[in-house]
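The numbers in the UniProt record's numbering rise by one with no breaks, and the one at position 158 of the sequence shown is 158. Every residue gets a Cβ at the ideal spot worked out from N, C-alpha and C, and that includes glycine. Here the structure is a predicted model, which means the values were calculated and not measured. Right, one structure below, let's go through it.
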Amino acid sequence: MSLVTSLIYRRRSRLFGRLVQEALALYGMEVPAAAEIGPGLTVFHRGFGTVLHPFTTLGANVTLYNGVTIGRADPWIPQEHSPMRRVVLEDGVVVCAGAKIICKSGTLTVAAGTIVGANAVLTRSTGPDEIWAGAPARRVGMRAGARGGTTEGARRPDRATDSDLHVGATPQTGA
């Protein structure tokens, strides 16, 4: 267990809680005591710039890279008037560097085994073992070995190939 992960699990301590929060702040991390963290959390690159909303639940074996933000879409509205209730990352979710998971209303659930790509802006719930990328994020595939899904790298109909574009198929006119 890394120092940062160890600190995250100790942030609720009555004796050392405030000191732990300050230590996490030195790494640029904001992990409120109200956030629920499951076992097996992995934080890469010391979690620099990672921010979790107090109404966040992380399941078992979640992986977070640096620069991740999990929060709400309406920070200018007082929390008690916000339609956002909770963000839930289920077991085995991977959130890559710079990704933002932003809840507009209700509960946003990132289902078990989902990967959220680098710099993605996810604003809606996902299904299990999906891969999401882009801003705004959209489903781009399924994890390898996922039941009933394609594997990573499988040819997708929304991606053009050289044969689709008929590269080199038209003769040069020379004019």
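Are there 16 or more other CB atoms within 10 angstroms of the CB of residue i, so buried, or fewer, so exposed?
i           : result
residue 176 : Coverage of the chain is limited to positions 1 through 175, which leaves residue 176 absent and any answer about it impossible.
residue 81  : exposed
residue 76  : exposed
residue 138 : exposed
residue 25  : exposed
residue 141 : buried
residue 190 : The chain is shown only over 1 to 175; residue 190 falls outside these bounds and no answer can be derived.
Considering only residues of the same chain and omitting the five flanking positions on each side of residue i, which have a CB-CB separation below 6 Å?
i           : result
residue 51  : 30, 69
residue 15  : none
residue 127 : 111
residue 106 : 85
residue 83  : 105
residue 90  : 59, 111, 112
residue 62  : 41, 89, 93
residue 179 : Residue 179 cannot be examined here, being either before or after the span of the chain that is shown, 1 to 175.
Residue i and residue j look like a contact to me (Cβ under 8 Å); what is the Cβ gap, rounded to whole Å?
i          : j           : result
residue 94 : residue 101 : 12 Å between Cβ atoms; not a contact.
residue 46 : residue 4   : 5 Å
Is it the case that the Cβ atoms of residue i and residue j are separated by a distance below 8 Å?
i           : j           : result
residue 120 : residue 135 : yes
residue 23  : residue 7   : yes
residue 36  : residue 58  : yes
residue 98  : residue 143 : no
residue 123 : residue 87  : no
residue 53  : residue 38  : no
Short of 8 Å in beta carbon distance, which residues of its chain neighbour residue i, apart from the five on each side in sequence? Order them along the chain.
i          : result
residue 48 : 27, 28, 29, 66, 67
residue 74 : 82, 83, 84, 104
What residues in its chain sit with their C-beta under 7 Å from that of residue i, if we drop five residues either side in the sequence?
i          : result
residue 17 : 11, 33
residue 13 : 20
Beta strand (DSSP E) runs contained entirely in the segment 6 to 84, provided each spans 3 or more residues: 56 to 58, 69 to 72
Length at least 3, wholly inside the segment 106 to 153: the beta strand (DSSP E) runs in chain order: 106 to 110, 130 to 133, 138 to 142
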